[in-house]
Amino acid sequence: MSSLSRELVFLILQFLDEEKFKDAVHKLEQESGFYFNMRHFDEMVAAGEWDEVEKYLSGFTKVDDNRYSMKIFFEIRKQKYLEALDKNDRPKAVDILVKDLKVFSAFNEDLFKEITQLLTLDNFRDNEQLSKYGDTKSARSIMLLELKKLIEANPLFRDKLTFPSLKNARLRTLINQSLNWQHQLCKSPKQNPDIKTLFVDHSCGQSQPNGARAPSPVTHPLMGAVKSGVFQPLGPHGVNPFQQAPAPMPNALAGWMTNPSQVAHPSASAGPIGFTAPNNAAAAAMLKRPRTPTNNPTVDYQTAESEHMLKRSRPFGVSDEVNNMNINILPGGFTGQSHAQSSYSSDDLPKALFMTLSQGSAVKSMDFHPVQQILLLVGTATGEIMIWELGGRERVAHRSFKVWDLGQCSVALQASMTSEYSASVNRVMWSPDGTFFGVAYSKHIVHIYSYHGGDDLRNHLEIEAHSGSVNDLAFSFPNKQICIVTCGDDRLIKVWDAVSGAKQYTFEGHEAPVYSICPHHKENIQFIFSTAIDGKIKAWLYDNMGSRVDYDAPGHSSTTMAYSADGTRLFSCGTNKEGESYLVEWNESEGAVKRTFIGLGKRAGGIVQFDTTKNRFLAAGDEFTIKFWEMDNINMLTTTDADGGLPASPCLRFNKEGMLLAVSTSDNGIKILANTDGVRLLRSMENATRVASASVVKPQPPTLGSFGPPSTSVATSFVDRVVPMVSMNGENRNLVDARPRAAEEPLDKSRIWKPTEINEPSQCRSLKLPDNLTASRVTRLIYTNSGLAILALAANAVHKLWKWPRNERNPTGKANASVVPQLWQPSNGTLMTNDTNDSNPEDTVPCFALSKNDSYVMSASGGKISLFNMMTFKTMTTFMPPSPAATFLAFHPQDNNVIAIGMDDSSIQIYNVRVDEVKTKLKGHQKRITGLAFSNSLNVLISAGADSQLCVWTSDGWEKQTNKYLQIPAGRAAAPQADTRVQFHQDQTQLLVVHETQIAIFEAPKLECLKQWVPREASGPITHATYSCDSQSIFVSFEDASVGVLSASTLRWRCRINPTSYLPANPSSRVHPLVIAAHPSDSNQFALGLNDGAVVVLEPLEAEGKWGTLPPAENGAGPSTSGAANSDQHQR
460 MSSLSRELVF
470 LILQFLDEEK
480 FKDAVHKLEQ
490 ESGFYFNMRH
500 FDEMVAAGEW
510 DEVEKYLSGF
520 TKVDDNRYSM
530 KIFFEIRKQK
540 YLEALDKNDR
550 PKAVDILVKD
560 LKVFSAFNED
570 LFKEITQLLT
580 LDNFRDNEQL
590 SKYGDTKSAR
600 SIMLLELKKL
610 IEANPLFRDK
620 LTFPSLKNAR
630 LRTLINQSLN
640 WQHQLCKSPK
650 QNPDIKTLFV
660 DHSCGQSQPN
670 GARAPSPVTH
680 PLMGAVKSGV
690 FQPLGPHGVN
700 PFQQAPAPMP
710 NALAGWMTNP
720 SQVAHPSASA
730 GPIGFTAPNN
740 AAAAAMLKRP
750 RTPTNNPTVD
760 YQTAESEHML
770 KRSRPFGVSD
780 EVNNMNINIL
790 PGGFTGQSHA
800 QSSYSSDDLP
810 KALFMTLSQG
820 SAVKSMDFHP
830 VQQILLLVGT
840 ATGEIMIWEL
850 GGRERVAHRS
860 FKVWDLGQCS
870 VALQASMTSE
880 YSASVNRVMW
890 SPDGTFFGVA
900 YSKHIVHIYS
910 YHGGDDLRNH
920 LEIEAHSGSV
930 NDLAFSFPNK
940 QICIVTCGDD
950 RLIKVWDAVS
960 GAKQYTFEGH
970 EAPVYSICPH
980 HKENIQFIFS
990 TAIDGKIKAW
1000 LYDNMGSRVD
1010 YDAPGHSSTT
1020 MAYSADGTRL
1030 FSCGTNKEGE
1040 SYLVEWNESE
1050 GAVKRTFIGL
1060 GKRAGGIVQF
1070 DTTKNRFLAA
1080 GDEFTIKFWE
1090 MDNINMLTTT
1100 DADGGLPASP
1110 CLRFNKEGML
1120 LAVSTSDNGI
1130 KILANTDGVR
1140 LLRSMENATR
1150 VASASVVKPQ
1160 PPTLGSFGPP
1170 STSVATSFVD
1180 RVVPMVSMNG
1190 ENRNLVDARP
1200 RAAEEPLDKS
1210 RIWKPTEINE
1220 PSQCRSLKLP
1230 DNLTASRVTR
1240 LIYTNSGLAI
1250 LALAANAVHK
1260 LWKWPRNERN
1270 PTGKANASVV
1280 PQLWQPSNGT
1290 LMTNDTNDSN
1300 PEDTVPCFAL
1310 SKNDSYVMSA
1320 SGGKISLFNM
1330 MTFKTMTTFM
1340 PPSPAATFLA
1350 FHPQDNNVIA
1360 IGMDDSSIQI
1370 YNVRVDEVKT
1380 KLKGHQKRIT
1390 GLAFSNSLNV
1400 LISAGADSQL
1410 CVWTSDGWEK
1420 QTNKYLQIPA
1430 GRAAAPQADT
1440 RVQFHQDQTQ
1450 LLVVHETQIA
1460 IFEAPKLECL
1470 KQWVPREASG
1480 PITHATYSCD
1490 SQSIFVSFED
1500 ASVGVLSAST
1510 LRWRCRINPT
1520 SYLPANPSSR
1530 VHPLVIAAHP
1540 SDSNQFALGL
1550 NDGAVVVLEP
1560 LEAEGKWGTL
1570 PPAENGAGPS
1580 TSGAANSDQH
1590 QR
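Numbering (this note's numbering), first residue to last: 460 to 1591.
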């Protein structure tokens, strides 16, 4: 098929999808084999429609095409077989075995025999390799992830997974252009050509069936503008009168401008102008023929007409792409949106009551931390704000309402405070990275706090934002600078600089108090929607051009607007004075209601609140319940009363992943609802005393102001000393506190705070793991991802695996220091032993990496790299013999078949296990590679070497982005081959760098050094360090056998564990930890690998629950989070 014919198929696919011919769309996809619709594939797999799955796949590949295809079909048929066994449908299982799975016996007879033997088991989960098989739904989800990887790796699917980027109604546009061309060829073109059919060419002759009627603006790049009468473009539902276009606007706003304001609304500061002034003539034309929005909930009137309107005169500097942004009108995903979205059911909604929190006063607003998803920020009617850590059901931070600097406030506010020193919280909201949050109060004031983990909450900005109540607050990023947007009873919207608190813009134009704001961006266009209590909706660009939209909310209601998580769909929910509530989705390009959701009741008072999650669901608090809808269905999906006790209009908020839902109660409490994943998340941390206080996940960027170092003088044997930080280029940094109007309380220097020091075995829980194998120093140590076992690699190249039993004392089977595990081996006594090159073991650098599902470990001890099966200890394969030898291994986070291998010749090899091929070699270090870490969110690989150098590589094209050398502290000398280790914080941006002379925190990908910590010389060199599982703490081991627990946000001591607490007394012994590993779900448990071959697990006492306490920090006083370096030396 020719290239143009292929493109025609894509146009037909788009047309069929726009017309909702779903079956025809997928049939054409399959028969043409041009586009594999991953979303459709997801839905079929999730529904278990196996015959349809294979039928759809048959349009793209056959079982025996290649090994990727074979694996795809095998996984599907195996799942079908296991589901039949799970239902005890033996006849069906035998039929699948004979008809579907038998074909694979020719390629792997042993595997086929093993599958056949499952028929002999009462429960196939008795097979060790299937012991982790869950329910059908979870098994399908896991399989689907594997299938996606196989499809993406399969060369037969290359260029078939992405649909071309097409403008809406492209086929209709081409037909319009063709008709215009035909009309130009008419000898006597009529003013109003009347098109009756597409089956014959158009002609304006009197005897021709295709005559003339209405004008059209359609043009063709080869022929210029059509000046005589032409055709109107075809819409999806027939022909509509074409109207003159309004002034140029971003696509998201263009359709809304039905009645633009004629009054110039000056801004407080004239920022950069991105758009030309409105075209008054065009606006007048629009006012003469205003477009009437449809309220049909099932029809999307995104027509070719809309596209031509947006194509009209475009302001200088605004590209065609910006003015024609897609508005997600194609349910099949043919406009470049993600096709990997799985189907959802009501079971995915968080409806199960997990916990109730006693708040003490009525909840007015809530917001979950954007990354730390068990942190909940709450504001109340009495002006209190607090942060709850849900894993421990603990209120970790609290502030009462207080004006920080009343003397700087207006006379009106001072008078108000004199008569009644109280205020209600109207809104709380985290900044997008979770380093700040804002609080809007019912009296004039906005407070901005910076959050540094645990109870470390610091005043940052106090702004007297509005006259009267501040009704809403949000964060935005105009010109890539974080700002705060507010609105209030004074009918204004204001934008403030988040660093200085300076006012940037003031938007005037509402005729009633402004109820809510919704900042957003499309491509490079930043704008703000605002709604007032009279039901008016306006939209503003960051300029001085006034409102770009003047529109009525449904029912003239007080309305809140919100976008779906992916930013493609706009919703609003509100209640009017008559008590009628409206939940709707908007068609942005038309400025019209796209669908109205059914199910909200009439109320006597209050305004209904709502939220969105997963780009799929809506929830609203109404009639003492929580009501849920699917975004694509106007009918209510389900409801929950959360076991009762909800107010008529409860406040509610989803966390980012939609696993948890916080709901206010009528008795001034909060109920936390969870789905299955949410329950699993919370139960993994349900021992409240063993969950460390939540930490900030990203340091405050230097551009947002820097906080100065603490002035506390602490006299103990091992506490921190703040010293000027030396940057990577050797420059000294002097940090300035840029916080305006923060009412800092003087720090009580007489109060001496000391970190916890543990000296006795009775002060902690420790367990030396049993070991009857030959003792050899532990060189590598890791917990399995499940947390059920610990794997160690010794210097003699032997692996040791300890598994914890599941019993009454240990019902979860997780690793701990209270239950003795078993040193596990297969019944045949096999050991996992690496290949060695017969050189001195002291000269080799062992390394290993564990697969995500704990099934395989890849390991090397100076010889070939070995791949072991963790169930059987069998060596699956060996590859890449020295030299050079492997010194570090890291699995690619998105593909277990791709491994980054650091070598002792300073290179990094990117190796694909499946095809046994080195894809590329990275060169940039001068000495052996000692550390590798992938960032999934940044798509980079960070490498570290014995040359104390850090390098950043892109993980798609493997290009070097930047590099920095670690600065060795003054007066310290590092060993020539000292290891430099790297590990990403769970936010995937901060980077922990470990060297024998220091601990440092960098920010990727620019490698800016944020913090540095230097131990006292008496402790000896650092031997290893690692983040705790929640990235709130850093566990550090030293050559003097002591272990430190540092606060990750400040690099200050929380606790020091001396060797006398976990090692037997032996003055002549020089036993010390070489490696340290953190438990994957218990933030206070870690294990030590010692140089005498022993492995010790350490936990705090159950009564304590965590290692020490955080250093004091009050109202901003405390450790720096943006650049100060700490030292462990005595202050002199």
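Cβ atoms here follow ideal geometry from the backbone N, Cα and C, with glycine treated the same way.
Which residue wins for smallest C-alpha separation from residue i, given the options the options?
i, options, result
"N1255", "A1319, S1245, V1279", "A1319"
"L1252", "V1473, A1553, M1335", "A1553"
"L812", "L1505, V1555, A1101", "A1101"
"S624", "N1114, Y494, L1451, Y974", "Y494"
"A1359", "L578, E1462, L1397, W1412", "W1412"
"R1142", "P1270, A598, K655", "P1270"
"Q1353", "P1518, V1399, A957, T575", "V1399"
"H1384", "R1529, I1401, E508", "I1401"
"T902", "L916, V884, M888, Y910", "It is worth fixing the name first, because residue 902 is Lys in this sequence and not Thr. Ranking the options by Cα distance to K902, first place goes to V884."
"R1475", "S1487, E1498, F1461", "E1498"
"D1415", "L1397, A1429, Y1424, Q1426", "L1397"
"F1076", "I1066, G1065, N1092", "N1092"
"E1462", "T1456, C1032, H1444, M1329", "H1444"
"T1243", "L1096, N1134, A1536", "A1536"
What is the C-beta distance between residue i and residue j, in whole angstroms, given that I count them as a contact (C-beta under 8 Å)?
i, j, result
"A543", "I555", "6 Å"
"Q818", "T839", "6 Å"
"F988", "C977", "4 Å"
So for residue i, helix, strand or coil by DSSP?
i, result
"D1597", "Summary: the structure shown does not reach residue 1597, with the chain confined to residues 460 through 1591, and so no result is reported for it."
"R465", "helix"
"I1066", "coil"
"E1558", "strand"
"H1258", "strand"
"A1536", "strand"
"Q1222", "helix"
"A1079", "strand"
"H979", "strand"
"I833", "coil"
"H919", "strand"
"L472", "helix"
Within 8 Å (strictly less), CB to CB, does residue i reach chain B?
i, result
"I996", "As a matter of chain content, chain B is missing from the structure shown, which is built from one protein chain."
Can you name the residues that DSSP bridges to residue i?
i, result
"Y964", "V954"
"M1095", "W1088"
"A1051", "N1046"
"G897", "M888, I907"
"I443", "The question about residue 443 has no answer here: the residues shown for the chain are numbered 460 through 1591."
"M1317", "A1308, L1326"
"L1252", "R1239, H1258"
"N1525", "For N1525, which the question treats as bridged, DSSP gives no partner whatsoever."
"D1354", "H1351"
### Query
Pairing CB atoms from the region 820-831 with CB atoms from the region 891-900, are three or more of them under 8 Å?
The region 820-831, when compared against the region 891-900, does touch it at the 8 Å Cβ threshold.
### Query
Does the pairing of the region 511-520 with the region 609-617 give three or more beta-carbon distances under 8 Å?
yes
### Query
Pairing CB atoms from the region 645-658 with CB atoms from the region 551-568, are three or more of them under 8 Å?
no
### Query
Looking at C-beta atoms only, is the number of pairs between the region 1405-1421 and the region 1432-1443 that lie closer than 8 Å three or more?
They touch, by the three-pair rule.
### Query
Pairing CB atoms from the region 979-988 with CB atoms from the region 996-1012, are three or more of them under 8 Å?
The region 979-988, when compared against the region 996-1012, does touch it at the 8 Å Cβ threshold.
### Task
Specify whether the region 1034-1047 and the region 1055-1062 touch according to this definition: at least 3 beta carbon pairs, one from each stretch, less than 8 Å apart.
yes
### Message
With three or more beta-carbon pairs closer than 8 Å as the criterion, would you say the region 1373-1392 touches the region 629-643?
### Response
They do not touch, by the three-pair rule.
### Task
Decide if the region 1322-1340 is in contact with the region 1272-1292; the criterion is three or more beta carbon pairs, one per stretch, under 8 Å apart.
yes
### Task
Decide yes or no for the touch test of the region 1299-1317 against the region 565-573: beta carbon pairs closer than 8 Å, at least 3 of them.
no
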